[in-house]
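Line order of the protein sequences matches chains A and B. Following this note's numbering, the numbering of the first sequence begins with 1 at its first residue and continues without gaps. Following this note's numbering, the numbering of the second sequence begins with 796 at its first residue and continues without gaps. Ideal Cβ positions, reconstructed from N, Cα and C, are used throughout, including at glycine. Quick caveat: nothing in here was measured; it's all calculated off a predicted structure.
Protein chains: 2
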Amino acid sequence: MTTTEQPAHADVGFGRRPRVEDARFLRGKGQYVDDITLPGMLHGAILRSPHAHARIVSIDTSEAEAHPKVKAVITGATLESLKLAWIPSLSHDVIAVLATDKVRYQGQEVAFVVAEDRYSARDALELIDVDYDVLDPVIDAQRALDPGAPVIRDDIEGKADNHIFDWTAGDKDQTDAAFASAEVVVKQDMLYPRVHPAPLETCGSVAWMDPVSGKLTIWCTTQAPHAHRTLYALVAGLPEQKIRVVSPDIGGGFGNKVGIYPGYVLSVVGSIVTGAPVKWVEDRSENLVSTSFARDYHMHGEIAATRDGRILGLRVDVLADHGAFNNTAQPTKYPAGFFHIFTGSYDYPAAYCTVKGVYTNKAPGGVAYACSFRVTEACYLVERIVDCLADELGMDPAELRMKNLLRPERFPYLSPTGWEYDSGEYPRALAKAMEMAGYEQLRKEQAEKRARGELMGIGVSFFTETVGAGPRKHMDILGLGMADGAEVRVHPTGKAVVRLSVQTQGQGHETTFAQIVSEVTGIPSADIEVVHGDTDNTPFGLGTYGSRSTPVSGAAVAVASRRIVDKARLIASAMLEVSPEDLEWDRGKFFVKGDPSTAKTIQEIAFASHGTQELPEGVEGHLDAECVYDPPNLTYPFGAYICVVDVDKGTGQVKVRRFIAVDDCGPRINPMIVEGQVHGGLADGVGMALMEVIAFDEEGNCLGGSFMDYQLPTALECPSWELGETVTPSPHHPLGLKGVGESATVGSPPAVVNAVIDALKPYGVRHVDMPLTPAQVWRAMQGRPFRTDLAITDE
Amino acid sequence: MTTTEQPAHADVGFGRRPRVEDARFLRGKGQYVDDITLPGMLHGAILRSPHAHARIVSIDTSEAEAHPKVKAVITGATLESLKLAWIPSLSHDVIAVLATDKVRYQGQEVAFVVAEDRYSARDALELIDVDYDVLDPVIDAQRALDPGAPVIRDDIEGKADNHIFDWTAGDKDQTDAAFASAEVVVKQDMLYPRVHPAPLETCGSVAWMDPVSGKLTIWCTTQAPHAHRTLYALVAGLPEQKIRVVSPDIGGGFGNKVGIYPGYVLSVVGSIVTGAPVKWVEDRSENLVSTSFARDYHMHGEIAATRDGRILGLRVDVLADHGAFNNTAQPTKYPAGFFHIFTGSYDYPAAYCTVKGVYTNKAPGGVAYACSFRVTEACYLVERIVDCLADELGMDPAELRMKNLLRPERFPYLSPTGWEYDSGEYPRALAKAMEMAGYEQLRKEQAEKRARGELMGIGVSFFTETVGAGPRKHMDILGLGMADGAEVRVHPTGKAVVRLSVQTQGQGHETTFAQIVSEVTGIPSADIEVVHGDTDNTPFGLGTYGSRSTPVSGAAVAVASRRIVDKARLIASAMLEVSPEDLEWDRGKFFVKGDPSTAKTIQEIAFASHGTQELPEGVEGHLDAECVYDPPNLTYPFGAYICVVDVDKGTGQVKVRRFIAVDDCGPRINPMIVEGQVHGGLADGVGMALMEVIAFDEEGNCLGGSFMDYQLPTALECPSWELGETVTPSPHHPLGLKGVGESATVGSPPAVVNAVIDALKPYGVRHVDMPLTPAQVWRAMQGRPFRTDLAITDE
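Below is the structure:
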């Protein structure tokens, strides 16, 4: 039982409660994109480039068109005439839906076949004859800017290199001075390799452009249906009021499903061309090879400190590999603000960062996979280099952290990059994690094992996230601001519906958003229906990513619910013939102060509002309220993690034995769901630390094209998680909530890596790049770790 | 070109414009209930009583259940256990979904079969063995209260007769005094026979109770989806937030589709019992025999006047035949307020009315078929008796009307029954109709023809309607008040959606409501999508009937649109950095007063509201607005009609040669649609006057069970309508609109009947009951007309 948990009672408000959506998920009755079948529906398949870099000489589709079951073969030429040649992208890059001049990465879309069934569409792909003039690929980000490197984006006028941008943050002079005065400086290169969110469900869409009504309906695997709709309207000029984007049940997103993929556009084009609904669903290999990857940050960190462990400064230099295009959360034309809280959770007097973006012949990265503005990469860098510093100083890494963590009195804290952390009690969280772990005892055990020659490691990490994208006037997507709408309608019988601008990819919104309404209005959450994921049915908002559902949309729902209560007070005052101030609110009912027997329940008030009750001046009928919430600031959840590993000396195999995670995301709507989110993120972290990487060979072949190659953690690799919490409410969220969706994914990889490197201390290892596969660990023990992003070894 | 018509321009605002919905209707692409097909859907059929009055001794369903394709056979017993035994009725009567004790009219529902296909379901009906003990039926309303008449409603405790209520209105003493002082008194009995709205589409529903989510979706032919939802929740206890009622394209309603029919409930029960979706669709005969009829008013009128034609008083006595139950707009427990403006359009010093309701063994009537609170029947009575008076006085009926019509200075006019007519310029409308008709010339022509022995008639009628049901605190359905919600959302690109609580049965709401938004906001109407007919998608409201869409829901939309403009002004003031008062509104844009070059269009403002524009204090993002409109009063459209007929002396065949209709419904949103509505209503009037009647034989068999028996007018029976308008805005509607859906149906039957009787003047005929079929006219010429409601003649 943790602090925000409440005793089980009549299904009202916050508390541990089964997920509503599991009724269908557990029975296999979810409705995913691939479950949607429309009368007369056709099926599409995409022809993809086998080359990483090649000029397209010609495309001959005649044989495919002659296939008896093929209805259309679409190339770039078809798209041009429909004004749908370019992806409505959230970045400012210009990305062709189908390549026409060159292919720039393996798996890039070249043509689209629409046929009567999926099998015929696939078969016909083989009948398309593309003549490629193969070019040298640029695979190594560190060599992308070499003079003479092939220019990938020769489609951009005047572009003669692979450079995208340079960006800096912090105060260079101040940081140089801090380093000059330091007693100790530690430097370390490190790679956060390409990883893939690998959601359970791949991407897909069903598009239906009704030729009679002109209405375009797109069911697709998107985390941001409203953004998609407006982008189609802005970029392709389709009439916004005639576009409906539906995000049905989604089998995981993790940022992989934020942007618009060529396949979505192609299903739309397919429907326009054939006059029939068209379904397109990726297979696993297509998802892994061609949809947005994450990370691929080549980082160099330097930390300056006093000999007694007071951190003085941080210097970071990053080479960001964007792949061939700038996708989704990876902007082109403005600096990558996405590394903005690179300083993490510590109290640095000075910090400075540079980021350089480059193009390579790889699929576009930039997916917001628990990225929360690149906090994942930054947190990894900081937490690793703090461990390197501890090693250098001979200090316990937990002690070094405790010494330098931001103290509660520093909040609201203005970071060296100008971001204001809202609230935090960092030392309390770390102390709690250490207590839960039995930290001292663990160190004793480690010492004993080391003495016996056994490799046990203890890894500590601390993270601060920055989530809840807004405020609207500071952040935008193609000019659209980050405000979320919410509507609460109480029906005549006192049941309610809440409509959200965000939607779920499995996070349990149908449960938690009902609980928010319930918490405020007192209506049992079982009486509240949550509607989301359908632009026809929900208020505008830019979608679910960056853990923003609870901080922004949750706030919108809370405010709308409060407006319901405010309106209910006025109606109750008319019903009871007293002034509104004379009423007392006892969650779910109003009564005349001092006389609970006069109570009018929210249900009675709802009926009266739809009935014939005389209403006070200026109060309209029905019990509805709306809110468009513009967050005054981001929220800053945080946490302290401790990981305990054993490493097999002979094979390099890492066993995560224990994992203690103390998360502080403010009050918890439904502690069970928070724990589920944390469990998932911790498994992510184990995967990224130990197993996952998308590497490329010299020809630019993607080496992670199946789950045989791209390893994901299973229950076997995960320990029984040990979770704890502290509660530091956000001062600016109406209910103090902060969001937790990405926390564990951000915080856990450095804990695991720190633990493994701690285990390898006897071998003098200070750093090894992820993933720490048995081979990598074994080679690190030999003093010659791999470079994990390329299939190039020194063997 | 009439006064409110506007020059064709950029698709903004009111004006003549093609109907948006015709794109699908004309191509046969409408989606009606019977077009809905769900996976695994089953089909239901209803077993109906062959008797008008019989006790049910037993029902044996075993053979039907054994049919290999039958999935369920449902009787009253099944319903009891599901709490769905009673129809959630809009009246306060208790009507069984399936008869258990007795059947009370021919066609009453007795059992329901659910089978794999429609044919098997129908076949299995014949396998159900019902043992009936046949009772004497009560068919003649005028004998229903005879001592010893069989008691129909012995299900009501203590009920020993067929009496329902007595109701009076007006001042009896004052009226008696007026009559005592009169120089002339004319008395006339008349029948407004049973007629049927006979919509093109019969009733039907598809119900799907999803056993996983618990969500009940009902697609049904209803004019009032929200009312249906709440009634299911109130009566059956189903959770309101889990019920979705969808009214898809509807092929005409005319009041026939307001209430809940047993078939709807049975499809719900069928789905609950079988776990599959269940479709039920009536055939034509079922629709004619068992769904709500209209009228069946046996009326006695008396009018008192001075010798020079000043009307002094009106006395009305009505026997209202309700059939076996009180349905929909036919209340049981409170007086029939539905005859409330029985005095019509004239300035009576005194009026008094009594209405007595009785049960008969006929299908329940009470449908709101252009009933607008029984104005249809009242208008007929008044317009006929005024003609009788003119005949008695030897005055021209138009002249008599002109003399007694309410004069403009009498408005707002408080009627003898206490209703406040909002606005009117009655003499202007009549004068315009007479001018259009060339009234004097017509009378000359008639005189010439009469001289030649030809039968030509000229009929005049004037009507006042009372529509736009509200205000919410004065009118209710089971406690639910008459307020309508509307929501307008302007998307980022400046396109908009408007969500209505009402929906259409063919009236063109998708066109006209977009025009209302356009009129106020300046957004082109082609950029505005209208959403309606789906409780999941639209704000609460009690539906479309009594011509209330424009007066109530149209007002809600207008007010919400004004709120959009008000909000846009504030946002524009921030964009232009001036105070809101310094802005000028030029429909569609704001500019700084005196400088049109500064204009910000509504589209630019919409984008800014969704973007990063700083907003004024208290203004939330997005450009949305809502309104729940509670009308301060009803609206009172009116009109003057003139009909010219020729009657064949040999056969009694009536030919409507001309029909002049001047309607005043305030400003016209789309004159073309208004004219279409008027055309339809005029055809209704020709049908009712000349052809339509649902009669019964002595055993209670319904004699109007097919379109072979129940004659509807076709283009052959209709002249080329001559339409005119006057414009008297409603002072309390935000745009002055009044509603026109029922006007012509109310006003036209007396014009036709008056014309025929005028033609028959040479035969000394003062009154003949509708319908004026050739046989009836011929017999009237012989001095012995039929009683049209019974299949009993003197032959």
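From the options, residue whose alpha carbon lies closest to that of residue i
i, options, result
"A/Arg48", "A/Ala99, A/Glu65, A/Ser561, A/Ala23", "A/Ala99"
"B/Arg822", "A/Trp86, A/Leu703, A/Gly783, A/Pro211", "A/Pro211"
"B/Arg1597", "B/Cys1148, B/Phe1258, B/Lys1151, B/Leu1237", "Outside the shown range of chain B, which is 796 to 1590, sits residue 1597 of chain B, and nothing can be said about it."
"B/Ser1543", "B/Val1177, B/Asp1044, B/Met1094", "B/Val1177"
"A/Pro471", "A/Glu445, A/Leu542, A/Leu772", "A/Leu542"
"A/Gly650", "A/Leu38, A/Glu675, A/Trp778, A/Asp758", "A/Trp778"
"A/Pro68", "A/Val138, A/Pro408, A/Tyr119", "A/Tyr119"
"A/Tyr132", "A/Asn162, A/Ala85, A/Arg55", "A/Arg55"
Euclidean distance between Cα positions of residue i and residue j
i, j, result
"A/Ala72", "A/Glu63", "12 Å"
"A/Ala149", "A/Val245", "42 Å"
"B/Gly1032", "B/Thr1339", "25 Å"
"B/Gly1447", "B/Ala1570", "6 Å"
"B/Ala906", "B/Ser1000", "17 Å"
"B/Arg1245", "B/Met1251", "7 Å"
"A/Pro524", "A/Thr635", "28 Å"
"A/Arg407", "A/Met436", "21 Å"
"B/Thr1086", "B/Ile882", "13 Å"
"A/Ile458", "A/Ala447", "11 Å"
"A/Ser181", "A/Val559", "50 Å"
"A/Thr773", "A/Glu722", "24 Å"
Where residue i falls, given that 16 or more other Cβ within 10 Å makes a residue buried
i, result
"A/Tyr439", "buried"
"A/Val678", "buried"
"B/Glu1559", "Note that residue 1559 of chain B is Gly in the sequence shown, not Glu. Flag for B/Gly1559 reads exposed."
"B/Gln1408", "buried"
"A/Met575", "buried"
"A/Val57", "exposed"
"A/Pro18", "exposed"
"B/Ser1374", "exposed"
"B/Thr873", "buried"
Cβ-Cβ distance between residue i and residue j below 7 Å
i, j, result
"A/Leu480", "B/His1405", "yes"
"B/Asp1116", "B/Ala936", "yes"
"B/Val1312", "B/Ser1348", "no"
"B/His838", "B/Lys1157", "no"
"A/Ala351", "A/Gly170", "yes"
"A/Phe638", "A/Gly424", "yes"
"B/Trp1003", "B/Ser1066", "yes"
"B/Arg1179", "B/Thr970", "no"
"A/Glu116", "A/Ile46", "no"
**Prompt:** Touch check for the stretch 254–265 of chain A and the stretch 151–160 of chain A: three-plus C-beta pairs under 8 Å?
**Reply:** no
**Request:** Could you say if the stretch 1447–1465 of chain B and the stretch 1211–1227 of chain B meet the contact criterion of at least three C-beta pairs nearer than 8 Å?
**Result:** yes
**Request:** Quick one: which residues of the stretch 471–501 of chain A get their C-beta closer than 7 Å to a C-beta of chain E? List them in chain order.
**Result:** Structure shown: chain E not included; protein chains present are A and B.
**Touch test, the stretch 981–991 of chain B against the stretch 1013–1023 of chain B, Cβ-Cβ under 8 Å, three pairs minimum** = Not touching, per the Cβ criterion.
**Request:** Answer yes if the stretch 1421–1433 of chain B comes into contact with the stretch 1394–1405 of chain B, meaning at least three C-beta pairs across the two stretches below 8 Å, and no otherwise.
**Result:** Because the criterion of three Cβ pairs below 8 Å is not met, the stretch 1394–1405 of chain B and the stretch 1421–1433 of chain B do not touch.
**Message:** Closer than 8 Å is the cut-off here; do at least three beta carbon pairs connect the stretch 1474–1487 of chain B with the stretch 1507–1527 of chain B?
**Reply:** yes
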